[in-house]
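The structure appears below as structure tokens.
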Amino acid sequence: MIDFGFKISPSSAINMDNADLSLYEKVREIEPDISKCIACGSCSATCPAGRFSGMSVRKCILDLQRGKKNEVKKMLSCCMLCGKCTMVCPRGINTRHLILSICKLYKED
Amino acid sequence: MIGMIFILSYCLVALVRIIMQLPGNDRKKFFISLVTPKTMAKNIRDIFCDCLFHVKLWKRNKLLGYMHSSIAFGWFMLIVVGHIEVLLYTPHRAKLLYFPIFFRYFVAETEETMRGAFFFFLMDFFLLMVLSGIFLAMFKRIQSGVFGMRRTTNPSFLDLIGLYSLWAIFPLRLLAEGFTADISGGSFLTKSLNYVLHSFLSDHANMLPAWWAYSCALGIFLIVLPFTRYMHIPAEILLIPLRNAGIKIRNARKGLAKAEVYACPSCGLCIDACPMGVMKTHIKDTTVYLNRQIRRNNERRIEEISDKCLLCGKCTAICPVGVEGDKLRIAQRSLRKYAINQDYSGIDTDQLHVKGEKVMYFAGCMTALTPAISKAMESLLRKAGVSYSFMDRDGGICCGRPMLMAGRFDQARQMVEKNTEIIKASGADTLLLSCPICYRIFREKYRLEGIRIIHHTEYIAELIRQGRLSMDKGYTKYVFHDPCELGRGCGVYEEPREVLSYAGELVEATKNRKESICCGGSLGSLTLGFDKRKSMTENALANLTEASPDVIATACPLCRSTFVRYADRPVEDIAEIIDRNCI
């Protein structure tokens, strides 16, 4: 292939018909508040783990809703469970419990 | 009857054997402590004070103390005096366990000497003491408020059987001894009852049913004892030396944890103490019920109860037998299995190193959310001329306490190691902390030899005492809220009050110090949502504002941001108050 100095990035479109949402549904059973999230990003802004690993609860929830399990796992593996995200959440979501529940539910793929 | 008593002794032996097998390495420590004269004396003193006289209950409520100690001490003395009697009159029978209990039935005649009358008097006196205790106990079932308990435990079925048989033992004993008093002798109580009974029942054959009823009640009580809350009687005697030996909970269900669970008398003092108790739906999530569910192995409820708790530690602080409700819960949480296990080895500590000053200030995650505190603290340090370095100005690694409270010890340990690395490399000799949550884990789990760990309230008190900060005393009325982790967790009660009294007038909350009420924002609870915490915060605020202070002062960033949400007056950290009042 000829190197043009630039390339076309692969499509990041997600086909929701093929996405596996089973994990999201399971989490929603335990912590129904997850559907209240407005993706404001307060949690990401306060997260002390974010600067080391790109951890962001907002992204975790979005990725779960899109069935992107591996990204979630990578982010959660750096969470320090300090609970700041819970304190700043304007929707009152217990994000700390949410994180622990996701950690519990994950199956090794 | 002999069989029944043997069941009891069998249970005791089994219990001791089980507990001995469990605590692993701690067992050695336990045995050494048993023969160390100092702890031996402490054990004996504690057993007498706690098991017989119930000093802690007396301090809580006189009536409650009398109720329990009259039953426990009275019964103990009945047994002791009974044995002395048997030894004096029929020494050859003293080896039989059951003999002293039915002494009056077996021995028909005793001499009417001074000595005999004295023992009769003693026996009757202690019987009366126990009876008065039993009467109070019955009254307590109807009106627990008189005993300083707003709510009490809901007894289980077996507990009720134990309770009723215990209530029946002593009135029946009185009746039985009353029937035989003219044959075997008696004193003021039994003799007079004998006259009354004789006025309409003169046949001595009547005494047999009474003695039978008494022995049945006693037998039922002893048989159900291992399965009821009355198991606390033998278990507490074991728990006291274990605790004095300095043993900690290592396994969620075995060893010390087991001893604590069985030592719980289900008295229900923790129900009133629990900050979650303001909502009726949470009453069944208190430590009494946790212990009951652990005894029943009800895993679903154990998980629910232990995850909900705020870990404020108040139940531990007020428990008359010393059951550590918070530590028991953390141990239960550590049993959970997670598929994702956090790993922080990727964090490069080099970019976090701070070099230079002797004093290192670590604000902590929570203070990052309330920058007013760290700003005030920095300004104070500048005013006092302290040169310092700020460890987490741009954010750092969490102290690990929240992870520890979730029961994930390995993850917490990793964070502890990372932070230790940074602190050691900095060359500081004082670590100044603003957050009691961090303070507690730094004191308990970090190995920072040669580095002084200090909370900012203590540090400010020191600066003022040394004259490095001079204060302008105002007329503002302050009330101090004892944060759970600082007060009950680390035992710091005096310094914050001292500091506040330099700034203005200090008033006290109704429940303070050891009994202060959690703000409701605690990280300890995993499952409680915001909506459920609101009433707890309002309850804690009502307790604080009783003396109508102008400002609510606290020393914890988490308490501060929780209170600010619902308070009707300003809530400030001590650092902010001092910074404002400092010349």
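Chains as they are written, first to last, in my numbering: chain A, 1 to 109; chain B, 1001 to 1583. For glycine and all other residues, C-beta sits at the position ideal for the given N, C-alpha and C.
Taking C-beta atoms as the reference points, M55(A) and C1398(B) fail to come closer than 8 Å. Under the DSSP definition of a beta bridge, E1505(B) partners with K1477(B). The C-beta of C37(A) comes no closer than 8 Å to any C-beta of chain B.
Proximity to P1234(B) across D1579(B), T1286(B), D1050(B) and A1555(B) peaks at D1050(B), based on C-alpha coordinates. Contacts with chain A (Cβ-Cβ distance below 8 Å) from the region 1523 to 1535 of chain B involve L1523, L1526, T1527, L1528, G1529, F1530 and D1531, listed in chain order.
The count of Cβ pairs closer than 8 Å, one atom from the region 1246 to 1253 of chain B and one from the region 1276 to 1291 of chain B, stays below three, leaving the stretches out of contact. At a cut-off of 8 Å between beta-carbon atoms, V88(A) makes contact with chain B. Here A1376(B) is buried, its C-beta having at least 16 other C-beta atoms within 10 Å.
Residue burial annotation: K1358(B) is exposed, with fewer than 16 other C-beta atoms found within 10 angstroms of its C-beta.
Minimum Cα-Cα distance from D1573(B) among the listed residues M1415(B), S1561(B) and C1582(B) corresponds to S1561(B). In this structure, C43(A) and T95(A) form a Cβ contact; the two beta carbons are roughly 6 Å apart against a cut-off of 8 Å. At a beta-carbon threshold of 8 Å, the residues of chain A lying near S1561(B) are M87, ordered along the chain.
Residue contact check for N94(A) against chain B: a CB pair falls below 8 Å. DSSP places Y24(A) within a helical segment (H, G or I) once states are collapsed to three. Counting of Cβ neighbours within 10 angstroms places Y1262(B) among the buried residues, the total reaching 16 or more. Beta-bridge annotation (DSSP): D1573(B) is paired with T1554(B). Rounded to the nearest angstrom, the gap between the Cα atoms of A1540(B) and H1481(B) is 9 Å.
The beta carbons of R1333(B) and A1406(B) sit about 6 Å from each other, so the pair counts as a contact at 8 Å.
Per DSSP, M1276(B) is not a residue of any alpha helix (DSSP H), being assigned neither H nor E. Secondary structure note for T1287(B): its alpha helix (DSSP H) is the uninterrupted segment T1287 to R1296.
At the C-beta level, V1492(B) and Y1446(B) stay beyond 8 Å of one another. Pairing C103(A) with L76(A) gives a Cβ-Cβ distance under 8 Å. When DSSP assignments are scanned along the region 1301 to 1380 of chain B, the uninterrupted stretches of alpha helix (DSSP H) that are 4 or more residues long and fall wholly within it turn out to be 1314 to 1318, 1325 to 1333 and 1365 to 1369. In the DSSP assignment, M1471(B) forms a beta bridge with C1582(B).
The beta carbon of N1581(B) sits closer than 7 Å to the beta carbons of M1471, D1472, G1474 and A1503 from its chain, once the five residues preceding and following it are set aside; these are given in chain order.
Taking every protein chain shown into account, the CB of D1392(B) has 16 or more other CB atoms within 10 angstroms, so this residue is buried. Look at the beta carbons and you see the region 1433 to 1440 of chain B touching the region 1451 to 1458 of chain B: at least three pairs across the two are nearer than 8 Å.
Taking the Cα positions, K1258(B) is about 19 Å away from C1309(B). The residue from L1063(B), C1270(B), P1320(B) and R1292(B) with its alpha-carbon nearest to that of L1136(B) is L1063(B). For V1323(B), the closest C-alpha among the options F1118(B), I1583(B), L1238(B) and T1349(B) is that of L1238(B). Of all residues in the region 1356 to 1380 of chain B, the ones placed with a Cβ closer than 8 Å to any Cβ belonging to chain A are C1365, M1366, A1368 and L1369, in chain order. Annotated as distal: E1444(B) and K1477(B), with beta-carbon spacing of 8 Å or more. Residue-level contact by beta carbon holds for Y106(A) and chain B, with a gap shorter than 8 Å. If you compare the alpha carbons of F1139(B), F1179(B) and L1166(B) with that of I1220(B), the shortest gap goes to L1166(B). DSSP places T1430(B) within a strand segment (E or B) once states are collapsed to three.
In the three-state scheme derived from DSSP, where H, G and I count as helix and E and B as strand, F1390(B) is classed as strand.
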